[in-house]
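A.B. asks: Numbering (my numbering), first residue to last: 80 to 1040. Don't be surprised by glycine CBs; every beta carbon is placed ideally from N, CA and C. Below: one structure in structure tokens.
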């Protein structure tokens, strides 16, 4: 997401400097002339001063033209682009879709004694500061805007007939009416919560008289920025709510209750026998305290709901909507026991501090250091660890997991029955019949998992792996629905990066199960594979265009990865904190940032200069519908000029610029997953629930509707590209951008994302899946060390599914490094895997580039390795290739432009049925103003000359001042 900070302003001024300097010189000379001629004869003085004045005006006109047509032209293109508003009909559809997502995406985690729904309750006491000031989304690119009304918790409850205790809400808003700063540039982790000694006895007595039901709301907010959620509150800069005690001990973490929150829970449970907990956080909290209070009957997970989502809260509590959401993450009792705990936060390389990059954060200088993080847990992420560790006897499952992945309750009951497997050589299929055996209508989710055969010491495998899922229709009591599933055997393949260096299927029994969550099997069948299958050579996976083999050996590093061998015998060693922060010297010699990068690194000395500037009579519109490899593309690309290509690639920030030689129109690309926000005009769309809520629905249909709603709003706003969906992995609950990503599971994330991309594409909008790849945190210049199995099976999986099943044709590259190389400079990632293996055809851009590429992104490295555009809005700097005369660089630019052109021509902008509004380009107005200024200056010159002649004729001989 764009933010205008001092370094952006400085960059613009630097680009405008030549014109401003020239103007300054002209003005100084003009003023000097005005002063120097003060003793000249009056007619001569008049003429010289008038000419000097006109020259200064002309210099001003030329400088304004230079600035507008040069340094800030891209910003003006974005700020003055066509802008239309969303129609009422589209807004209504978006609101309905957003509400349904919340209705099906809020998750009922616990419901003791069938406390919910509250059919006979009218009044509710809302406790907790977050009940008055809840969290509606995240911050940064995935945030929502302030253009539309937001349904609060109070309003959502009142819409379904509840009354709330206004005295309590007024008490909370008096304590603080707004949240502490949490923006893309400023992060405050302070949790506002009034200490219990500030609740008067009268207030509590009134509350008990008002209702015997209490609802506690707890919230945690994070977002795009410079830090993830604090894992040690002693380092968080936290402000306590009381001077009588500390809210957190130094080694407490942010997803625990603060002392004030503990006191609140204690107070409420002491006074009420029926307590409902609302968890208004996209990051799963430690909720073990719920087990300590029998008064807490129900727990409802309601992460950021967007503008209208809290309407669903009242519906669910009342029972007019039956909850059907399932959790996208595991709720663990003790996060410090997780295998990633010692290796989540990044560590600075102690021997690379001299390469630190200076940046700006909200106008304050900030330093970014070369850093690293070790993905030591390998494939054992989220439920895959907990289920496997329990099966191997490493952990007591019930002591570690409170609510499993895929868990969610309903107000009715269901049965699921699985048919026998139908087998072929490469596929298997079966049916699942779901029956509503309860008394109210509801929806259920069929979750399909597999447990592959594991050989001790062999390829790592989890005992539970999500294979697919489907959500039923709304089933009335007694009604059944049968869902059919077909899978390729290769869908269960594991990646062997050590021996076969390929995907493999070991011989043995594969348990195919239908589950109510990752831990609870409802029914199962056994598929036995007699012989091992190795997908190598010409016998690769059918879904791959190029057989997958090792591409990321250099990303494993000197790391001991967690292994299931001998019941996780290496757990302590593998999950320990790093013992060294020194990058090995042989890697130091290869490591580079922009400051020590040789722009000739990737230059091909044998490259031949492509044809440029040809006149082949083609336009981009002629290419719509042609295959990527159609030879006509070469004829079109021959028409491009070098300057056009360089400019288009360098200024792909929130747009792709126009290219006159091929009739390419400017396209607009805007944030983000929750709301379409045009940061330049200030206009935006309705805010949807965060991506976690969308994934919590486990509904591909709703994900498609979300994509279609976003796509239609883009169309009406004149936007062609959508910076979404984001699909990195919830490696840890502390990820600051977890709200913007779907899940800890790549299959769930991938299929929801693929559906959304398809939905947007149905409207002619291309979606930038992001952040590719291994950007599971907030950070820049962080070297991720991971083995290839984990990379392929966990972190690349959602992107792979989105490309293969969603036909995604745009991607945004992450700020992270794989090993010692920025992802955008990793040809194995950007070309071999993305394009050659998966068959991606489209454009790849960087994340926000800023004026200096954040110190590590540059066009020379990016273009040579598969990136096509720099997300920059200012001319000059490393977003331009360093040598536009080099055949190798021009060849790279040509290929990049093809990828951009191929993507945008598939948008609605080039659909024959689309009626593009004819908007006069701001340059036309500038040219008209120039013409008017020219006429005025010529007129003034004529007047000056005539006046001079008249003055000279009338002047007495020898007259002086």
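With DSSP as the reference, label residue 662 as helix, strand or coil.
C.D. replies: As a working note, residue 662 is residue 583 in the chain shown. Three-state result, residue 662: coil.
A.B. asks: Decide if residue 1033 is buried, meaning its Cβ has at least 16 other Cβ atoms within 10 Å, or exposed.
C.D. replies: Here residue 1033 refers to the residue found at position 954 when the chain shown is read from its first residue. The residue is exposed, with fewer than 16 neighbouring Cβ atoms inside 10 Å.
A.B. asks: My output table needs one value for residue 1001: the three-state DSSP class, helix, strand or coil.
C.D. replies: By one-based count along the chain shown, residue 1001 stands at place 922. DSSP places residue 1001 in helix when its eight states are reduced to three.
A.B. asks: On the DSSP bridge assignment, give the partners of residue 427 in chain order.
C.D. replies: Translated into the one-based positions of the chain shown, residue 427 becomes position 348. The partner list for residue 427 (beta bridge, DSSP) reads 450.
A.B. asks: Tell me whether residue 425 is buried or exposed, calling it buried when 16 or more other Cβ atoms sit within 10 Å of its Cβ.
C.D. replies: As a working mapping, residue 425 is identified with position 346 in the chain shown. With 16 or more other Cβ atoms within 10 Å, it is buried.
A.B. asks: Just to confirm my understanding: we take residue 266, look at its own chain, exclude 5 residues before and 5 after, and list those with CB closer than 6 Å. What are they?
C.D. replies: In the chain shown, counting from the first residue as 1, residue 266 sits at position 187. Once the five neighbours on either side are set aside, the close Cβ partners of residue 266 are 304, 306.
A.B. asks: Does the separation of the CB atoms of residue 217 and residue 989 fall below 7 Å?
C.D. replies: Here residue 217 refers to the residue found at position 138 when the chain shown is read from its first residue. Here residue 989 refers to the residue found at position 910 when the chain shown is read from its first residue. No, the pair does not count as a contact, with Cβ atoms beyond the cut-off.
A.B. asks: Can you check the stretch 864–890 for any beta strand (DSSP E) of at least 3 residues that lies completely inside it and give the ranges in chain order?
C.D. replies: You should have found no qualifying run.
A.B. asks: For residue 985 and chain D, any beta-carbon pair shorter than 7 Å?
C.D. replies: The structure shown contains no chain D; it is built from a single protein chain.
A.B. asks: Using the C-alpha atoms, what's the distance from residue 138 back to residue 144?
C.D. replies: Taking the first residue of the chain shown as 1, we reach residue 144 at position 65. Taking the first residue of the chain shown as 1, we reach residue 138 at position 59. Looking at the two C-alpha atoms, the distance is approximately 10 Å.
A.B. asks: How many angstroms separate the CA atom of residue 1012 from the CA atom of residue 135?
C.D. replies: What you label residue 1012 is simply residue 933 of the chain shown in a count that begins at 1. What you label residue 135 is simply residue 56 of the chain shown in a count that begins at 1. Straight-line Cα distance between these residues: approximately 13 Å.
A.B. asks: I'd like the list of long-range same chain contacts for residue 744, defined as Cβ closer than 7 Å, with 5 residues on each side in sequence excluded.
C.D. replies: As a first step, residue 744 must be located in the chain shown, where it is residue number 665. Closer than 7 Å at Cβ, skipping near neighbours: 737, 988.
A.B. asks: Whole angstroms is fine: what's the gap from residue 774's alpha carbon to residue 601's?
C.D. replies: The residue given as residue 774 occupies position 695 in the chain shown. The residue given as residue 601 occupies position 522 in the chain shown. Going from the Cα of residue 774 to the Cα of residue 601 covers about 22 Å.
A.B. asks: Using the C-alpha atoms, what's the distance from residue 475 back to residue 645?
C.D. replies: What you label residue 645 is simply residue 566 of the chain shown in a count that begins at 1. What you label residue 475 is simply residue 396 of the chain shown in a count that begins at 1. Rounded to whole angstroms, residue 645 to residue 475 spans 17 Å at the Cα level.
A.B. asks: Does the stretch 882–892 come into contact with the stretch 860–867, if we say contact requires no fewer than three beta-carbon pairs (one atom in each stretch) closer than 8 Å?
C.D. replies: No: fewer than three Cβ pairs fall under 8 Å.
A.B. asks: Are the beta-carbon atoms of residue 795 and residue 158 separated by less than 7 Å?
C.D. replies: Stepping through the chain shown from its first residue, residue 795 is reached at position 716. Stepping through the chain shown from its first residue, residue 158 is reached at position 79. Going by C-beta atoms, residue 795 is not nearer than 7 Å to residue 158.
A.B. asks: Quick check on residue 1026: does DSSP put it in helix, strand or coil?
C.D. replies: Walking along the chain shown from the start, residue 1026 turns up at place 947. The answer is helix: DSSP assigns residue 1026 an H, G or I state.
A.B. asks: Classify residue 104: buried if its beta carbon has 16 or more other beta carbons within 10 angstroms, exposed otherwise.
C.D. replies: By 1-based counting over the chain shown, the position of residue 104 is 25. The residue is exposed, with fewer than 16 neighbouring Cβ atoms inside 10 Å.
A.B. asks: With a threshold of 8 Å on Cβ separation, who are the neighbours of residue 589 within its own chain once the five nearest residues in sequence on each side are excluded?
C.D. replies: Residue mapping note: residue 589 aligns to position 510 of the chain shown, counting from 1. Only 529, 530, 531, 532, 571, 605, 606, 607, 608 meet the Cβ criterion.
A.B. asks: Please work out which residues of its chain come closer than 8 Å, Cβ to Cβ, to residue 697, disregarding the five sequence neighbours upstream and downstream, and give them in chain order.
C.D. replies: Walking along the chain shown from the start, residue 697 turns up at place 618. If we look at residue 697 and ignore the five residues flanking it on each side, its Cβ neighbours are 711, 714, 715, 718, 741.
A.B. asks: Under three-state DSSP, which class holds residue 574?
C.D. replies: By 1-based counting over the chain shown, the position of residue 574 is 495. Strand.
A.B. asks: Just list the residues that DSSP pairs residue 377 with in beta bridges.
C.D. replies: By 1-based counting over the chain shown, the position of residue 377 is 298. Bridge partners of residue 377: 190, 355.
A.B. asks: Applying the criterion that 16 or more other CB atoms from any shown protein chain within 10 Å of the CB defines a buried residue, is residue 799 buried or exposed?
C.D. replies: Residue 799 sits at position 720 when you count from the first residue of the chain shown. Answer is buried; the Cβ neighbour count reaches 16.
A.B. asks: Please give me, in chain order, every unbroken run of the alpha helix (DSSP H) with length at least 4 that falls completely inside the stretch 759–804.
C.D. replies: 770–775, 779–796, all fully within the stretch 759–804.
A.B. asks: Which partner residues does residue 325 have in the DSSP bridge list?
C.D. replies: One-based indexing of the chain shown puts residue 325 at position 246. Paired residues: none, contrary to the question.
A.B. asks: Is it true that the CB of residue 546 sits closer than 7 Å to the CB of residue 511?
C.D. replies: One-based indexing of the chain shown puts residue 511 at position 432. One-based indexing of the chain shown puts residue 546 at position 467. Taking 7 Å as the Cβ cut-off, residue 511 and residue 546 do not qualify as a contacting pair.
A.B. asks: Can we count residue 552 as close to the ligand PLP, meaning its CB is less than 6 Å from some heavy atom?
C.D. replies: The model on display carries no ligand, and the ligand PLP is accordingly not part of it.
A.B. asks: With a Cβ-Cβ cutoff of 7 Å, do residue 978 and residue 939 count as a contact?
C.D. replies: Position 899 of the chain shown, counting from 1, holds the residue named residue 978. Position 860 of the chain shown, counting from 1, holds the residue named residue 939. Not a contact, by the Cβ cut-off of 7 Å.
A.B. asks: Take residue 192 and list the residues in its own chain whose beta-carbon comes closer than 7 Å to its own, dropping the five residues that flank it on each side.
C.D. replies: In the chain shown, the residue the question calls residue 192 occupies position 113. Answer for residue 192: 376, listed in chain order.
A.B. asks: Pick from 171, 336, 956: whose alpha carbon is nearest that of residue 673?
C.D. replies: Within the chain shown, numbered from 1, the residue matching residue 673 stands at position 594. Among 171, 336, 956, the Cα nearest to that of residue 673 is on 956.
A.B. asks: Go to residue 395, then tell me how far its alpha helix (DSSP H) extends in each direction, as first and last residue.
C.D. replies: By 1-based counting over the chain shown, the position of residue 395 is 316. Run containing residue 395: 390–397, per the alpha helix (DSSP H) assignment.
A.B. asks: Report the start-end ranges of each beta strand (DSSP E) in the stretch 256–306 that is 3 residues or longer and not cut off at the edges.
C.D. replies: Within the stretch 256–306, the complete beta strand (DSSP E) runs of at least 3 residues are 292–299.
A.B. asks: List, from N- to C-terminal side, the alpha helix (DSSP H) runs of 4 residues or more that fit wholly inside the stretch 604–647.
C.D. replies: Listed in chain order, the complete alpha helix (DSSP H) runs (minimum 4 residues) inside the stretch 604–647 are 644–647.
A.B. asks: Opposite residue 1041 in the DSSP bridges: which residues?
C.D. replies: Here the chain comprises residues numbered 80 to 1040, so residue 1041 is not present and cannot be evaluated.
A.B. asks: For residue 567 versus residue 626, is the C-beta spacing smaller than 7 Å?
C.D. replies: Within the chain shown, the letter at position 488 stands for residue 567. Within the chain shown, the letter at position 547 stands for residue 626. For residue 567 and residue 626, no; Cβs fall outside 7 Å.
A.B. asks: Where do the ends of the alpha helix (DSSP H) carrying residue 915 lie?
C.D. replies: Walking along the chain shown from the start, residue 915 turns up at place 836. Careful: residue 915 lies outside any alpha helix (DSSP H) and carries neither H nor E.
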